[in-house]
Amino acid sequence: MTPEPDAIVVRGLEKRFGSFRAVKAIDLTVRRGEIYGFIGANGAGKSTTIKMLCGLLPPDGGRALVDGIDVAADPESVKRRIGYMCQKFALYGDLTAAENIDFFGGVYGLDEDRLKSRREELFSILDLSNASGTRADELPRGFQQRLALACAVVHQPAVVFLDEPTAGVDPVQRRAFWDLIDSFSAAGTTVFVTTHFLDEAEYCRRIAFIAEGRIAAEDTPAGLKTLLSGRAMYEVRMDDPAGSLPAVRALPGVLAAALFGVTLHVAIDAAADSGTLFGRLPGLAGFEPIPPTLEDVFLHIAGKPS
């Protein structure tokens, strides 16, 4: 059997705004049914890339295929085959939950019977049945995001783009939302997602970090953490964490240090003696080794010269 082509193929994709290159010749491939995380700081090029892949912005160079369709040559066909959920609330607030999904289903050409079936199915999966008659602008934020996801997948697209889907959602709802994303992926839908919650990126099969318009690294979550090999990670507790940061960074053997809540995450040379090194710090309250996180990887990548 001929293997099914990849869901998204990008080669040398570029976008310029005047003299500013927002996206700089990026390459990436997303497999069918994969959850692919696209991570970067504000202004890194995430949303610009997504808008090009959705046919909303024309590329200025390179090529991108989404579900086998060239986004520059036929953006309208791309739009019909994808789902898109933007970061901001973009539903019709004066329509009920059911009316919103019926509207979007109609836009995508679902007939009455199919639309009714999909509405009932999605409202059951997303626990929205009791909210079907509630206006969208009266729903809690978590329910609004679930409804937006339902509207994005009502037509069963091959690929769905989720731009910061859990922004403003509480941690319990975020976990539940990712369970839903995982279920759509398991059913064969390809999910391309951005998030600023680095703990959420752990749920992705593969991740690309974009910095200043370029792909800085791409791998599985475990593979990306190998970028920190040769160093040991520690959580360091200080009486004054923020005030102590310059002194910690100045210690010989410290490779990186950043504030994490009320503690510090400190990377040291794997050959350094942690007790001797941290013992020099006035105001030290304690320290312990920790496994590296994707946030540590992100800070490592962001700190490298471009």
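In terms of this note's numbering, the sequence shown has 60 at position 56, counting the first letter as 1, and numbering is strictly consecutive.
Ideal Cβ positions, reconstructed from N, Cα and C, are used throughout, including at glycine.
Bear in mind the structure is a predicted one, so any value in this text is a computation, not a measurement.
Inset, instruction - Identify, in the order they occur along the chain, each residue of the same chain with its Cβ nearer than 7 Å to the Cβ of G44, setting aside the five sequence neighbours on each side. - result: K50, F213, I214, A215
Inset, instruction - Could you please give me the residues that DSSP links to Y238 through a beta bridge? - result: DSSP lists V270, P293 as partners of Y238.
Inset, instruction - Counting only runs of 4+ residues fully inside the segment 40-80, write out the alpha helix (DSSP H) ranges in chain order. - result: 50-57
Inset, instruction - Please state if the CB of G283 and the CB of D273 are separated by a distance shorter than 9 Å. - result: no
Legend entry - Coarse secondary structure for L303, derived from DSSP in three states: helix
Inset, instruction - Spatial neighbours of S189 within its chain, please: CB distance less than 6 Å, with the 5 preceding and 5 following residues excluded, ordered by chain position. - result: G37, I39, V195
Legend entry - Nearest residue (CA-CA) to P225, options E299, A271, D277, D244: Looking at E299, A271, D277, D244, the one whose alpha-carbon comes closest to that of P225 is E299.
Inset, instruction - Give every residue of the same chain whose Cβ lies closer than 7 Å to the Cβ of N104, excluding the five residues on either side of it in the sequence, and list them in chain order. - result: Hits under 7 Å: L95, Y96, A140, L151, C155.
Legend entry - 6 Å Cβ shell around A260 - same chain, five flanking residues per side excluded: A271
Inset, instruction - Report yes if the C-beta distance between A76 and P63 is below 9 Å; otherwise report no. - result: yes
Legend entry - Whole-Å CB distance - F181 paired with V173, under 8 Å assumed: 6 Å
Inset, instruction - Let me know if M5 comes out buried or exposed under the rule of 16 or more other beta-carbons within 10 Å of its beta-carbon. - result: Note on M5: pLDDT 38, under 50, position unreliable in the model; no value is reported.
Legend entry - Same chain, Cβ closer than 7 Å to P79, five either side skipped, listed in chain order: G59
Legend entry - Distance CB(G72)-CB(L17) smaller than 9 Å: no
Inset, instruction - Can you check DSSP and say which residues form a bridge with D167? - result: T198
Inset, instruction - Tell me where the beta strand (DSSP E) around A260 begins and ends. - result: 258-264 is the span of the beta strand (DSSP E), which, as asked, contains A260.
Legend entry - Selected residue, minimal CA-CA separation from E239, among G247, I129, F291, I86: If we check each option's Cα against that of E239, F291 comes out closest.
Legend entry - Inter-residue Cα distance where the pair is G41 and Q148: Computed Cα separation, rounded: 22 Å.
Legend entry - C-alpha gap between F107 and T138, whole angstroms: 15 Å
Legend entry - Of the listed residues T198, L249, S187, V301, nearest to C90 (C-alpha basis): T198
Inset, instruction - Below 7 Å CB to CB, which residues in the same chain sit around S136 once its five sequence neighbours on both sides are set aside? - result: T100, A101, A102, F127
Inset, instruction - Provide the residue span of the beta strand (DSSP E) that contains T100, from first to last. - result: Run containing T100: none; DSSP gives neither H nor E here.
Inset, instruction - Report the three-state DSSP secondary structure of T230 (helix, strand or coil). - result: helix
Inset, instruction - Can you say whether R123 is buried or exposed, counting buried as having 16 or more other CB atoms within 10 angstroms of its CB? - result: By the Cβ-count criterion, R123 is buried, with 16 or more other Cβ atoms from all chains shown falling within 10 Å of its own Cβ.
Legend entry - Buried versus exposed call for G192 [16 or more other C-beta atoms within 10 Å across all chains shown]: exposed
Inset, instruction - May I have the straight-line CA-CA distance separating A262 from D183, to the nearest angstrom? - result: 30 Å
Inset, instruction - Indicate whether G87 and P144 have their beta-carbon atoms separated by less than 9 Å. - result: no
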